[in-house]
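Scroll down for the structure; my scribbles are underneath it.
Protein chains: 2
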Amino acid sequence: MAITVKDVAAHAGVSTATVSRVLNNDPGIKPETRRRVKESIKNTGYRINKAARSLKTSRTGTVGLLVPELANDFFMTVAQGVEDVLRTRGYGVIICNANEDEKYEQDRIDLLIEQCVDGAIIIPASSAGAHFNRLPEAGIPVVLVDRLVDDFNSDAVLADNINGTYSAVVHLIETGCKRFGFIGGSLELSNFRERYEGFKRALSDYNIALEDEIIKFGNVHINSGYELMKELMIGPNPPENVFIANYFLQVGATKFLIENNNRVQPGIRIAGFDDMSLSSILGFSSITVSQPMHSMGEKAAEMLLERIEEFASGSTQICPSRFIRLKTGLIEHRSVKPV
Amino acid sequence: MAITVKDVAAHAGVSTATVSRVLNNDPGIKPETRRRVKESIKNTGYRINKAARSLKTSRTGTVGLLVPELANDFFMTVAQGVEDVLRTRGYGVIICNANEDEKYEQDRIDLLIEQCVDGAIIIPASSAGAHFNRLPEAGIPVVLVDRLVDDFNSDAVLADNINGTYSAVVHLIETGCKRFGFIGGSLELSNFRERYEGFKRALSDYNIALEDEIIKFGNVHINSGYELMKELMIGPNPPENVFIANYFLQVGATKFLIENNNRVQPGIRIAGFDDMSLSSILGFSSITVSQPMHSMGEKAAEMLLERIEEFASGSTQICPSRFIRLKTGLIEHRSVKPV
DNA sequence: TATACTTATGTAATCGATTACAACACGAGG
DNA sequence: CCTCGTGTTGTAATCGATTACATAAGTATA
């Protein structure tokens, strides 16, 4: 049915071994022969059958990317970085959606193992990591991005959450802010724990009190941001400044303020972690911490490729896990004052 | 090295054929045997090698999803729909990024063919479609989503762009709007052509003049929306109402208005195509046309599965291409008036 | 009891590419 | 003229699962 190496071999008048060698850039082929084979490949319209190759080499040329959610610019910008690097190296990327659910995440890991991916990049959906161990057990190296998890360790690419948050809060303090609320995701997640840590450290360094009743934690979503901002605003003593630990929480918080015409705290200033393409048009936003999302993806892909080489060369002494922390930036927004 | 059917067969005291039959739910297996084999599968920790299976069956259990861009909530919500359906049917989804570039798109199609996907779902990056033909030529069925293209035809899932736009504009007219600007993407793209068509039809039906100087076309991105809104606002006679043909253009347009404190046309009302999670907090937005993005993905996946069956059963008489148009909705926003 | 048919399982060829090993040609060195 | 090394290509086994066909046991029919 389809064209195989045999057909190409016949067409070029050589053996299948020779065709295979040309396909794999084996140096020990006469230039003239190589030329002829390449021509036959063109003329026959031959396309390699990766299934057959994989069976023999036990390498599929695909890597898995497991993210908690697809419709999420943060994850997908990371994904672009991953894809950019991997594609130029000839790899295909299978993007899987864990649907913010450990069960789903499990299931997708099964999928990746079955598909025999050569490696996996994971943005964890929760702090649970035990189930990730099945990948290295199956000979599949893993790189984590954005968050660390419990009961599993591997290479990881992370943002400098502590210092990023620290510098944003300090910036606000130095421009006159005196009292801060905080809206964050669950402290079970390492990235939020770190951001909260940076927040506390900044207040502490400047002798500003940490007021528990204006420190709120929820999940990572728009709705949560909405609810938590509501809690802050109907509280006894609403803050004038709020640090919000990710973009989606900020969107939700902004939504609450807009819908309620921000009656409570007219001069409110928001600083947020993550700088997305829409951050600049969110109301009340004074400053955001930018993560190098694309680079995080690229770095993760590069680390993974190294590991794949290692695993493939069967080197028994695997060097220990490495973490990379990428620097964050600080983006000031012209003070947009909606309502 | 890894555990194969042979090992399972030995463990269960049967032949590899029997193991394979259990794996594939062949009905002609004694329940007792089936039980024993299943147990052996569990105990040996066997995992099927898809490469080997694919080689034999020439089915990989993966489908490709080619999108113009990853960090795009519209495309990714469609992707979620696709994944939801496909995953429950045991398929893996390879998501590829065409990077809004026909060359890239070509390249990713090559990738999909090499990976021997069983089918492909494509959201085209441009109006060019000739290069898609290589997929069906390679025995891979295709379903288009969102847009049609030139020089290629296949099944497609589309939104009812004309009526969606029509009803939104009519709604505005009936609530008192008298003069409309329009901001759209290139008319080369079928979806924008259709939305413009709906716009014109509404004005015509209500005897409202189409004023060329307040009808602007660009590309599909935030920047373009920004620039086109600027053009409208610095023009001789800026409109009070603007229909904007997609979410990203609307974001850009809103950004321009906010940054310039909307001095020109204080009462401006915007109606937009696409209702995303952030649409409700975009300033000036009065009404948006919602597309059933998730369902579009689901439908596309279902159509593709049918075609895959057809192709696989080798039925020679392939039934002609089918289009599905999905109804849009109308979402009113509480009039949020920033600035 | 012989025949035919069913049901359950085994045997072995097969998918398409890779690769260890063999083979062959050619020239250099002795 | 023989041997050896080098460079180039061919032969055939192999990866792991599937499946057409063969086989064997059991059951119904005449």
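Sequences listed follow chains H and D, in order. Note that the first sequence covers residues 0 to 338 in numbering that gives the first Met the number 0. Note that the second sequence covers residues 0 to 338 in numbering that gives the first Met the number 0. For each residue, glycine too, the CB sits at the ideal point set by N, CA and C.
When the cut-off is 7 Å and only beta carbons count, does residue i lie next to chain H?
i       : result
C115(D) : yes
I323(D) : no
K298(D) : no
H78(D)  : Before going on, a small fix: residue 78(D) reads as Ala here, not His. Output row for A78(D): interface = yes.
A50(D)  : yes
L53(D)  : Note on identity: in this sequence residue 53(D) is Ser, with Leu being the wrong assignment. Yes, contact with chain H.
G91(D)  : yes
I139(D) : no
L69(D)  : yes
M75(D)  : yes
L85(D)  : no
I307(D) : no
K254(D) : yes
E104(D) : no
For the alpha helix (DSSP H) that contains residue i, what are its first and last residues?
i       : result
T287(D) : Here T287(D) belongs to no alpha helix (DSSP H); instead the beta strand (DSSP E) covers 284-289.
V373(H) : Nothing can be reported for residue 373(H): it is not among the residues displayed for chain H, which extend from 0 to 338.
N42(H)  : 30-43
F181(H) : Segment 179-184 is the beta strand (DSSP E) holding F181(H); no alpha helix (DSSP H) there.
I112(H) : 101-113
V77(D)  : 72-87
According to DSSP, is residue i part of a helix, a strand, or is it coil?
i       : result
F151(D) : coil
N162(D) : helix
L325(D) : strand
V7(D)   : helix
E305(D) : helix
N96(H)  : strand
G197(D) : helix
K336(H) : Only weak support exists for where K336(H) lies, its pLDDT of 46 falling under 50; the value from the coordinates is given anyway. It is coil, neither helix nor strand.
E173(D) : helix
Spell out whether any CB of chain D is found under 7 Å from the CB atom of residue i.
i       : result
G96(H)  : Correcting the residue identity first, residue 96(H) is Asn in this sequence and not Gly. Yes, its Cβ sits closer than 7 Å to a Cβ of chain D.
G183(H) : no
I257(H) : yes
L303(H) : no
What residue range does the beta strand (DSSP E) around residue i cover?
i       : result
K215(H) : 214-217
T61(D)  : 61-66
G138(H) : From DSSP, G138(H) is part of no beta strand (DSSP E); its letter is neither H nor E.
R268(H) : 268-272
V241(D) : 240-243
A129(D) : Premise fails: A129(D) is in no beta strand (DSSP E) and is neither H nor E.
I121(H) : 118-121
Assign residue i to buried or exposed, taking buried as 16 or more other Cβ atoms, counted over all protein chains shown, within 10 Å of its Cβ.
i       : result
F181(H) : buried
T287(H) : buried
K177(D) : exposed
R262(D) : exposed
S320(D) : exposed
P337(D) : Residue confidence is low: P337(D) scores 40 on pLDDT, short of 50, so the model does not pin down where it sits. Its coordinate-derived value is still stated next. The residue in question, P337(D), is buried, as its Cβ has 16 or more Cβ neighbours within 10 Å.
G328(H) : exposed
T56(D)  : exposed
A300(D) : buried
S285(D) : buried
V335(H) : Any answer about V335(H) is weak, because its pLDDT of 48 lies below 50 and its placement is not dependable; what the coordinates show is given next. Counting Cβ neighbours within 10 Å, V335(H) comes out buried, since at least 16 surround it.
L209(H) : exposed
E31(H)  : exposed
K254(H) : buried
K49(D)  : buried
When the Cα atoms are used, what is the spatial distance from residue i to residue j?
i       : j       : result
I108(D) : L134(D) : 8 Å
S53(H)  : L85(H)  : 18 Å
D25(D)  : V36(D)  : 13 Å
D149(H) : R192(H) : 14 Å
E136(H) : A11(H)  : 43 Å
N42(H)  : L202(D) : 55 Å
Y45(H)  : R20(H)  : 15 Å
P188(H) : D159(H) : Residue 188(H) is actually Leu in this sequence, not Pro. The alpha-carbon atoms of L188(H) and D159(H) are separated by roughly 14 Å.
S14(H)  : I40(H)  : 13 Å
Q290(H) : G27(H)  : 47 Å
I323(H) : F310(H) : 20 Å
E113(H) : I2(D)   : 13 Å
K298(D) : F131(D) : 20 Å
G271(D) : I139(D) : 36 Å
E305(D) : E226(H) : 44 Å
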